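First up is the structure itself, then whatever we jot down about it.
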Amino acid sequence: MKTTIGKAISKASELLKNGEVIGVPTETVYGLAANALNEDAVVKIFEVKNRPRFDPLIMHLDRFENLKKYVTEIPSSFEKLARSHCPGPLTFVIPKKNLVPDIVTSGNPIVAVRIPSHPMIRELLSEVDFPLAAPSANPFGYISPTTANHVYRQLKGKISYILDGGPCKVGLESTILGVRGKNVVVLRLGGLPLEDIKASTGNVHLELNTPGLPQSPGQLKSHYAPATPLFIDNPGKYLKKFAPEKIGIIAFRQMYLEFPVEHQRILSPSGNLSEAAANFFYALRELDEMELEIIIAEKLPEEGLGRAINDRLRKASARKEPDESKK
Ligand code: TXA
Ligand code: MG
Numbered sequence: 024m025k026t027t028i029g030k031a032i033s034k035a036s037e038l039l040k041n042g043e044v045i046g047v048p049t050e051t052v053y054g055l056a057a058n059a060l061n062e063d064a065v066v067k068i069f070e071v072k073n074r075p076r077f078d079p080l081i082m083h084l085d086r087f088e089n090l091k092k093y094v095t096e097i098p099s100s101f102e103k104l105a106r107s108h109c110p111g112p113l114t115f116v117i118p119k120k121n122l123v124p125d126i127v128t129s130g131n132p133i134v135a136v137r138i139p140s141h142p143m144i145r146e147l148l149s150e151v152d153f154p155l156a157a158p159s160a161n162p163f164g165y166i167s168p169t170t171a172n173h174v175y176r177q178l179k180g181k182i183s184y185i186l187d188g189g190p191c192k193v194g195l196e197s198t199i200l201g202v203r204g205k206n207v208v209v210l211r212l213g214g215l216p217l218e219d220i221k222a223s224t225g226n227v228h229l230e231l232n233t234p235g236l237p238q239s240p241g242q243l244k245s246h247y248a249p250a251t252p253l254f255i256d257n258p259g260k261y262l263k264k265f266a267p268e269k270i271g272i273i274a275f276r277q278m279y280l281e282f283p284v285e286h287q288r289i290l291s292p293s294g295n296l297s298e299a300a301a302n303f304f305y306a307l308r309e310l311d312e313m314e315l316e317i318i319i320a321e322k323l324p325e326e327g328l329g330r331a332i333n334d335r336l337r338k339a340s341a342r343k344e345p346d347e348s349k350k
């Protein structure tokens with residue numbers, strides 16, 4: 024299959040109407056989209072992504088008001104959040120109606136829904152009369168794509184079209200929210216900071232690592248992982264074991280003088296965590312493609328989007344804790 028990149032919404036909507044899977048931009052990360060109401064089309068998403076069927080998909084809608092068609096009851100806390108943050112980088116997990124095929128939710132009675140804000144996917148959603156099931160457009164377990172070219176490099180030959188909406192402004196996947204009784208719980212940290220959610224709903228609980236069945240693979244311990252071993256640490260410590268030119272560095276604000284400039288990525292010289300989030304996956308991917316022996320990342324401040332970046336860093340490094348590898 025030949026894969027092309029373009030900006031033709033009409034072509035993208037035709038392909039979707041024909042039950043095809045395509046790459047689409049969102050403000051968070053690029054998605055791999057298909058008609059959520061067409062089971063055969065949704066099956067193709069799992070195949071292209073090499074994604075296990077137990078891992079449910081997010082359904083993307085044009086407007087929060089249209090949600091009623093697909094879910095049984097919308098919690099009032101979600102209505103309130105939607106008023107200030109939809110469209111935007113947050114996903115709601117809500118009991119579904121039968122109209123939503125089981126394949127989308129991996130057989131769960133609940134469905135994850137999100138109203139994306141990127142103008143191109145919004146236009147696309149207005150051209151079709153169905154919601155779009157879309158996971159991030161990366162092979163399962165790898166770093167999420169934040170440009171059309173990232174999608175192309177990983178999925179070329181497997182999908183026919185990638186809609187190019189430029190680099191993603193948020194750069195991290197959406198924050199996923201559920202409810203327990205009357206309380207809002209965060210199932211995955213993401214593009215909408217915890218502080219913003221608390222401002223709307225009061226205190227929230229985190230349920231990021233529930234033992235047993237992963238509710239959200241963002242909750243699996245190892246995810247978002249580069250091929251190069253990654254540690255969250257102070258780069259200087261690794262100079263004894265590795266040549267400086269074999270070490271990649273992800274730093275928040277400043278370069279390390281004792282390391283080569285070309286293997287360092289500064290996420291935000293001014294210390295802005297939203298800017299750091301927008302650059303994070305891009306930087307990680309660039310370093311991962313450089314045949315380095317190791318990547319060292321600084322831990323970011325545990326506030327705003329720093330929390331979600333640290334969560335990605337921990338998951339990207341989970342397979343290879345320095346101390347565990349010696350055991
Ligand atoms: O920002 C985003 O959310 C991006 C863009 C493309 O919208 N999508 C995304 O999808 O990150 P994905 O598939 O990579 O991650 C979706 C997460 C998964 O961890 C999945 O398990 C969780 O959403 N999820 C989906 N349906 C769920 C459900 N019914 N209950 C709990 N978690 C669910
Ligand atoms: Mg993903």
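Sequence positions in the sequence shown follow my numbering and run 24 to 350. Ideal Cβ placement from N, Cα and C applies to all residues, glycine included. Note that the coordinates shown come from a computational prediction; the quantities given were computed from them, not determined experimentally.
Should the segment 327-337 be called in touch with the segment 213-226, which here means at least 3 C-beta pairs below 8 angstroms?
The answer is yes - the segment 213-226 touches the segment 327-337, with three or more Cβ pairs under 8 angstroms.
Endpoints, beta strand (DSSP E) assigned at T114
The sequence position of residue 114 within the sequence shown is 91, counting from 1. For T114, the enclosing beta strand (DSSP E) begins and ends at 113-118.
Among A156, E325, K179, T198, the one whose alpha carbon lies nearest that of P124:
Taking the first residue of the sequence shown as position 1, residue 124 is located at position 101. Per the Cα distances, A156.
To the nearest whole angstrom, what separates the beta carbons of P112 and T170, a pair I think is in contact under 8 angstroms?
On the sequence shown, position 89 is the one that residue 112 refers to. On the sequence shown, position 147 is the one that residue 170 refers to. Cβ-Cβ separation between P112 and T170: approximately 17 angstroms, too far for a contact (criterion under 8 angstroms).
For the alpha helix (DSSP H) that contains R308, what are its first and last residues?
Working through the sequence shown from its first residue, we reach residue 308 at position 285. Per DSSP, R308 is one residue of the alpha helix (DSSP H) stretching across 296-311.
Measure the C-alpha to C-alpha separation of T26 and E70 and round it to an integer number of angstroms.
If you number the sequence shown from 1, residue 26 lands on position 3. If you number the sequence shown from 1, residue 70 lands on position 47. Those two C-alpha atoms are separated by around 16 angstroms.
Tell me which residue opens and which closes the beta strand (DSSP E) that G29 is part of.
As a position in the sequence shown, residue 29 is number 6, starting the count at 1. 27-29 is the extent of the beta strand (DSSP E) around G29.
Give the straight-line distance between the Cα atoms of G201 and L280, rounded to the nearest whole angstrom.
Position 178 of the sequence shown, counted from the start, is the residue given in the question as residue 201. Position 257 of the sequence shown, counted from the start, is the residue given in the question as residue 280. If you take the alpha carbons of G201 and L280, they lie about 45 angstroms apart.
Along the chain, where does the beta strand (DSSP E) that runs through L210 open and close?
If you number the sequence shown from 1, residue 210 lands on position 187. Element bounds for L210: 206-211.
Using a 10 Å radius around the Cβ and a threshold of 16 neighbouring Cβ atoms, would you call P154 buried or exposed?
On the sequence shown, residue 154 is found 131 positions in, with the first residue counted as 1. Its Cβ being crowded by 16 or more others within 10 Å, P154 is buried.
Which residue wins for smallest C-alpha separation from R145, given the options V66, A56, H286?
Within the sequence shown, the letter at position 122 stands for residue 145. Looking at V66, A56, H286, the one whose alpha-carbon comes closest to that of R145 is A56.
Determine whether the beta carbon atoms of L307 and I166 lie at a separation below 8 angstroms.
Translated into positions along the sequence shown, residue 307 becomes position 284. Translated into positions along the sequence shown, residue 166 becomes position 143. Yes.
For D187 and H108, believed in contact at Cβ under 8 angstroms, the rounded distance
Indexing the sequence shown from 1 puts residue 108 at position 85. Indexing the sequence shown from 1 puts residue 187 at position 164. Incorrect: roughly 26 angstroms between the Cβ atoms, too far for contact.
What residues in its chain sit with their C-beta under 7 angstroms from that of S340, if we drop five residues either side in the sequence?
Taking the first residue of the sequence shown as position 1, residue 340 is located at position 317. So the list reads L253, F254, I255, once near-sequence residues are dropped.
Considering only residues of the segment 82-156, which uninterrupted beta strand (DSSP E) runs meet the minimum length of 3 residues and lie entirely inside it, listed in chain order?
Note on the segment 82-156: whole beta strand (DSSP E) runs with a minimum of 3 residues are 113-118, 133-137, in chain order.
Using a Cβ-Cβ cut-off of 6 angstroms (strictly less than) and excluding sequence neighbours within five positions of G29, which residues of its own chain qualify?
The residue you call residue 29 lines up with position 6 of the sequence shown. Excluding residues within five positions, none has a Cβ falling inside 6 angstroms.
Between the Cα of S159 and those of L60, H83, F115, spot the shortest distance and give me the residue it belongs to.
One-based indexing of the sequence shown puts residue 159 at position 136. Checked all of L60, H83, F115; the closest Cα to S159 is H83.
Express the C-alpha separation of E43 and S197 in angstroms, rounding to a whole number.
Position 174 of the sequence shown holds residue 197. Position 20 of the sequence shown holds residue 43. S197 and E43 have their alpha carbons spaced roughly 24 angstroms apart.
Using the beta-carbon count (16 or more within 10 Å), is V284 buried or exposed?
Indexing the sequence shown from 1 puts residue 284 at position 261. The residue is exposed, with fewer than 16 neighbouring Cβ atoms inside 10 Å.
Any idea if F77 is buried or exposed, counting beta-carbon neighbours within 10 angstroms, 16 or more meaning buried?
As a working note, residue 77 is residue 54 in the sequence shown. Exposed, since its Cβ has fewer than 16 Cβ neighbours within 10 Å.
How many angstroms separate the CA atom of S36 from the CA atom of L147?
If you number the sequence shown from 1, residue 36 lands on position 13. If you number the sequence shown from 1, residue 147 lands on position 124. If you take the alpha carbons of S36 and L147, they lie about 6 angstroms apart.
Tell me the residue span of the beta strand (DSSP E) that contains F254.
The residue given as residue 254 occupies position 231 in the sequence shown. Start and end: 253-255.
Quick one: using the 10 Å Cβ neighbour count with 16 as the cut-off for buried, is K120 buried or exposed?
The residue given as residue 120 occupies position 97 in the sequence shown. The residue in question, K120, is exposed, as its Cβ has fewer than 16 Cβ neighbours within 10 Å.
Over what stretch of residues does the alpha helix (DSSP H) that includes L38 continue unbroken?
For the purposes of this step, residue 38 is taken as residue 15 along the sequence shown, with counting starting at 1. 32-40 is the span of the alpha helix (DSSP H), which, as asked, contains L38.
Cβ-heavy atom distance, R335 to the ligand TXA, below 7 angstroms:
Taking the sequence shown and counting its residues from 1, the one referred to as residue 335 is at position 312. Checking the Cβ of R335 against the ligand TXA gives no.
Under 6 angstroms Cβ to Cβ from R137, same chain only, skipping five residues before and after it: list those, please.
In the sequence shown, counting from the first residue as 1, residue 137 sits at position 114. Only I81, H83, T114, S197 meet the Cβ criterion.
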